[in-house]
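Numbering (our numbering), first residue to last: 10 to 312. By construction, the Cβ of each residue, glycine as well, lies at the ideal position given by its N, Cα and C atoms. The block underneath contains the structure these notes are about, expressed in structure tokens.
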Amino acid sequence: MRLLVEKVFQSPITVPREEKEEGGVTIVSAVFWLLVVTAIWGTTFPLQKMVLEGVSPFVYNAIRFWIATIFAFMIEPKQNFKYGILIGLLLAGGYISQTWGLTLTTASKSGFITSLYIIFVPIVSYLWEKERLTRFQKIGFPLAFVGSYFLSGGISGFNFGDFLTLLCALSFSFHVVSLTVFTRKIPEKNLMGWQFGAVAITNTLLGWNQSWSVPLPAWGVALYTACFATVIGIFLQMKYQKKIGSNTAALIFVGEPIFSTFFAMLFLNERLTGVQWFGAFLLLVALAFASLKVKKPNLGVSG
């Protein structure tokens, strides 16, 4: 297992193209591998739904991220504490507020409000790294917002659980932008250990007094999500997101609910309404806008 994981992290992963960007990575390969990441993330929702009934989300997240932390330190023992822990706290904040909020609101509202992190990314990106939207992105982000609303089936009312989930979306948006910023300073492999460790520690503390009796299938899903959705997924995200910028990456990530819906239909026999199909179509259009005339991030000059 260790040899397999190390091979993934040490081998160059590229898709041939005539135009090379810095580091030998093409724009096409960056878009392609981020789409692969969204597909991997999309598989986690039906899998977790099938086996995690009755399991504390904090306990499950703790197990998942402890496994990911162990693998990260096996791959690269020298981990950057300063930036890794900061990124990890942003990721942990998203998971904690999402889990807490889900106990006070509906799953459909939680899914829609969480997806708003895609809309917050360009705001955070501009404030933090002065990245401006392209004309295609200015069309893509509103489409992503409307598509997410329809795919979730629509929402009504706003309660404290929704507010907590909104904090989750903000935290995830800062996490996305922080990956772009810090991976331009620190190698990706050095930012994984403490990032995952922060999530593991916080969820362990929050789930300390809850039942740690976890059925074997849930351990299998935790191992899968730790290895593929967390270690490999976030490594690929960090490796390729910095090449195309936070805004383009965020639009590519609208593919996650599309993939999760597809896998839910495949494995859970779920069905979409006409409105939800329309929402999925809008998300596909937004995803297409992410790849139109993709270029290096349009960064402004900060004073």
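Same chain only: Cβ atoms within 8 Å of W228, ignoring 5 sequence neighbours per side: I72
Are the CB atoms of G156 and F244 nearer to each other than 9 Å? Going by C-beta atoms, G156 is not nearer than 9 Å to F244.
Could you tell me which uninterrupted beta strand (DSSP E) segments, each at least 3 residues in length, are contained entirely in the region 95-171, listed from first to last along the chain? none
Please identify the residue among G283, S182, P55, A77 whose C-alpha is closest to the C-alpha of G242. A77
So W50 and E265 are supposed to be a Cβ contact under 8 Å. How far apart are they, rounded? 5 Å
Could you tell me how far apart the beta carbons of I195 and Y92 are, in whole angstroms, since I believe they sit closer than 8 Å? About 6 Å; that satisfies the 8 Å criterion.
For the alpha helix (DSSP H) that N212 lies in, which residues bound it at each end? 202-215
is_contact[K198, chain C] using C-beta, thresh 9 Å: The chain inventory of the structure shown lacks chain C, comprising one protein chain alone.
Are the region 85-105 and the region 202-218 touching by the rule of at least three beta carbon pairs closer than 8 Å? Three or more Cβ pairs drawn from the region 85-105 and the region 202-218 lie within less than 8 Å of each other, which places the two stretches in contact.
Between P151 and I128, what straight-line distance do the alpha-carbon atoms span, to the nearest angstrom? Cα to Cα, P151 sits roughly 8 Å from I128.
Between the alpha carbons of G110 and P66, how many angstroms are there, rounded? 12 Å
Hey, could you find the ends of the alpha helix (DSSP H) A39 is sitting in? First-last of the alpha helix (DSSP H) with A39: 36-60.
Whole angstroms are fine: how far does the CA of F167 sit from the CA of R141? 31 Å
Have a look at T53, L44, L43 and flag the residue whose alpha-carbon is nearest the alpha-carbon of A238. T53
Within this structure, are the beta carbons of F268 and L56 separated by less than 9 Å? no
Taking the alpha carbon of L232 as the point to measure from, which residue in L136, F90, F74 has its own alpha carbon closest? Ranking L136, F90, F74 by Cα distance to L232 puts F74 first.
Per DSSP, what kind of secondary structure is V186 in: helix, strand or coil? helix
Taking only runs of the alpha helix (DSSP H) that begin and end inside the region 251-305, which ones reach a length of at least 4 residues, in chain order? 255-261, 264-276, 283-299
Evaluate M274 with the Cβ neighbour count: other Cβ atoms within 10 Å of its Cβ, from every protein chain shown; 16 or more gives buried, anything less gives exposed. With fewer than 16 neighbouring CB atoms inside 10 Å of its own CB, M274 falls in the exposed class.
With 16 as the cutoff for other CB atoms within 10 Å, does S124 come out buried or exposed? S124 is classed as buried because its beta carbon has at least 16 other beta carbons within 10 Å across all chains shown.
Alpha carbon of V223 to alpha carbon of V64, nearest angstrom: 7 Å
Quick check on this structure: which residue in S119, V40, Y69 has the alpha carbon closest to the alpha carbon of G216? Y69
Enumerate in chain order the residues of its own chain whose CB-to-CB distance from T213 is below 7 Å, with the five nearest sequence positions on each side excluded. Hits under 7 Å: A71.
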